[in-house]
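Participant: Pasting in a structure now, in structure tokens, and then I'll have a few things to ask.
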Amino acid sequence: MITHCFFDIGGVLASNAWDRDQRVRAMEHFGLTEEFELRHEEVVGEWEVGRIGVDEYLDNTVFYTGRDFTREQFIAFMFEQSVPDAECIALVRRLAERGSARLFTLNNESEVLNQHRITAFGLDGIFLGFLTSCWLGVRKPSRTIFEHALRIVQARPESTLFVDDRAQNLQPAAALGMNTHHYVGTEALETALRAAGLL
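So in the working numbering, the last one in the sequence shown is 1359, and the numbering has no gaps at all.
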């Protein structure tokens, strides 16, 4: 019996927040050079595990030199890149209302983007908790983040289901004994949830 479900946000419940495609759009919109991407790669790990905040991230990647746009404009653009998947969120909301399992998110994200998405997409009305790299201090696909998640919610691996769109994130979860679902769309996810007796 599945008692706990963990869902990735970017690529499952919504678009990715600040992956390569979003950063390319930012480079085009604000006239940034490839140096932005190089600087991003240097600090993104620290940012996503909560060791630096958005201001320090932007100081290192964008505002190390004068710009003709403001920090507030850049952050607003970052937020605009996040688009909810209404169909998937509706499905997971049905699952929450059914009450057949305890629902949590488990994702890699910086705090500022994670908090924005939780609020803007109404996820705080669906999930019991948000197990995010910025608050756990470790990122997927590290085995440690899954171990932390299991301890925090007090669940046995075999009684959990983890949903993610990236195979490399599913592998360590499966190695711990968690059930996994490779997300490719809402229809297949609904089928998997029904097969597990959750819907």
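Glycine included, each C-beta is placed from N, C-alpha and C at the ideal position.
So, is Asp1181 buried or exposed, given that buried needs 16 or more other C-beta atoms within 10 angstroms?
Facilitator: exposed
Participant: Could you give the DSSP three-state label for Gly1170: helix, strand or coil?
Facilitator: strand
Participant: In the structure shown, what three-state DSSP assignment does Thr1425 receive?
Facilitator: A question about residue 1425 goes unanswered here, because the residues of the chain that appear run from 1161 up to 1359.
Participant: Would you list the residues sitting across from Leu1266 in a DSSP beta bridge?
Facilitator: Leu1291
Participant: Using only the alpha-carbon positions, how far apart do Ile1235 and Asn1176 sit?
Facilitator: Ile1235 and Asn1176: Cα-Cα distance of roughly 15 Å.
Participant: Would you check if there are 3 or more beta carbon pairs closer than 8 Å linking the region 1306 to 1316 to the region 1224 to 1242?
Facilitator: no
Participant: Determine, using beta-carbon pairs with one atom in the region 1299 to 1311 and one in the region 1261 to 1274, whether at least three such pairs fall under 8 Å.
Facilitator: yes
Participant: Kindly indicate which three-state DSSP category Leu1321 falls into: helix, strand or coil?
Facilitator: Three-state result, Leu1321: strand.
Participant: Using the three-state DSSP reduction, which class does Pro1301 fall into: helix, strand or coil?
Facilitator: coil
Participant: Is Asn1220 helix, strand or coil when you go by DSSP?
Facilitator: helix
Participant: For His1341, collect the residues of the same chain with a Cβ closer than 7 Å to its Cβ; drop the 5 residues on either side in sequence, then sort them by chain order.
Facilitator: Leu1321, Val1323, Leu1349 and Ala1352
Participant: Excluding five sequence neighbours on each side, which residues of the same chain lie with their C-beta closer than 6 Å to the C-beta of Pro1301?
Facilitator: Gln1328, Asn1329 and Pro1332
Participant: Among the residues of its own chain, which have a CB less than 8 Å from the CB of Gly1205, if the five just before and after it don't count?
Facilitator: Arg1299
Participant: Around the C-beta of His1189, are 16 or more other C-beta atoms found within 10 angstroms, so that it is buried, or is it exposed?
Facilitator: exposed
Participant: When DSSP labels each residue in this structure, what does Asn1274 get in the three-state scheme?
Facilitator: helix
Participant: Report the three-state DSSP secondary structure of Thr1279 (helix, strand or coil).
Facilitator: helix
Participant: Is it buried or exposed for Gly1297, if we count other Cβ within 10 angstroms and need 16 for buried?
Facilitator: exposed
Participant: Which one or two residues does DSSP pair with His1341 in a beta bridge?
Facilitator: Val1323
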